[in-house]
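Each step along the sequence shown adds one to the number in full-length UniProt numbering, with nothing skipped, and position 115 is 115.
Presented below is the structure to which this report refers.
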Amino acid sequence: MANGEIIRKNYEIVFEVPFNKQRRFQIVIVRQRPNTDSSNNDNMKLYILVKGAPEELFAHCKFLATEEGYVKISDGFIAQFSEAYTQYGNEGKSCIAFAIAEAEELTLIESPGSWAGLTRLDLCFLGMVALYDPPRESAFKALQTMKNAGLINFISFHFFFLSLKRKN
């Protein structure tokens with residue numbers, strides 16, 4: 001487990017793409033703070049930290065972080081991820097995934113504001129967290145109104161996609 005204070009002291013943010021609902025991810029690019037004793041500060045490695053929608057971020061990852069280091073993502077792990085993500089969604093939880101990549105220069109990162117801009121990176125999947133965010137009171141009222149109108153609603157995963165169908 002890393003100490004946030006130490007990380008902030010030793011690394012500086014070089015570039016940032018904030019999260020938004022359309023893009024569904026956030027990028028922070030950091031590098032180690034220059035060492036006054038070193039003449040090689042220009043060639044410092046960049047770390048691209050990404051958080052975002054698990055189903056999209058995971059699809060762009062080539063590696064998985066393990067205790068032994070980075071390993072290529074296997075079909076078995078893809079199935080485990082899908083099962084866990086589906087289970088969390090069925091429990092009404094929102095999920096956020098995290099990944100990291102390393103780069104020698106910023107020019108490697110094309111169009112950092114789009115998923116396509118991440119394709120040249122060797123993203124490594126770090127993990128996913130599930131959060132329970134209770135529905136707003138207004139959601140219950142809207143669902144009750146739909147039920148009273150004779151509509152059946154289906155809630156899929158944590159996105160609350162609504163598919164309406166008339167009762168027979």
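All C-beta atoms, glycine included, are put in the ideal place defined by N, C-alpha and C.
A contact between stretches requires three or more CB pairs, one per stretch, nearer than 8 Å, and the segment 65-72 meets this requirement with the segment 121-139. In summary, Ile78 is exposed, with fewer than 16 beta-carbon neighbours lying within 10 Å of its beta-carbon over all protein chains present. Membership of Leu126 in the beta strand (DSSP E) is indicated by the continuous run 123-132. Rounded to whole angstroms, the gap between the alpha carbons of Ala99 and Ser138 is 35 Å. The C-beta distance from Leu57 to Ile29 rounds to 16 Å, too long to fall under 8 Å, and the pair is not in contact. The beta-carbon separation of Arg31 and Val14, rounded to 6 Å, stays under the 8 Å limit for a contact. With distances taken between CA atoms, Phe63 lies nearest to Ser74 out of Pro54, Glu55, Ser74, Ala53. Rounded to the nearest whole angstrom, the C-alpha separation of Gly76 and His60 is 17 Å.
Distance from the Cα of Gln87 is smallest, within the candidate group Arg8, Glu5, Ala149, Tyr132, for Tyr132. Selection Asn20, Pro34, Thr66, Cys95 evaluated against Glu55 yields Cys95 as nearest (Cα-Cα). In the DSSP annotation of this structure, Gln22 is not part of any beta strand (DSSP E), being labelled neither H nor E.
Within the same chain, Arg24, Phe25 come within 6 Å of Gly52 by CB-CB distance, once the 5 residues on both sides are set aside.
For Arg33, the closest of Phe19, Gln22, Arg8 by C-alpha to C-alpha distance is Arg8.
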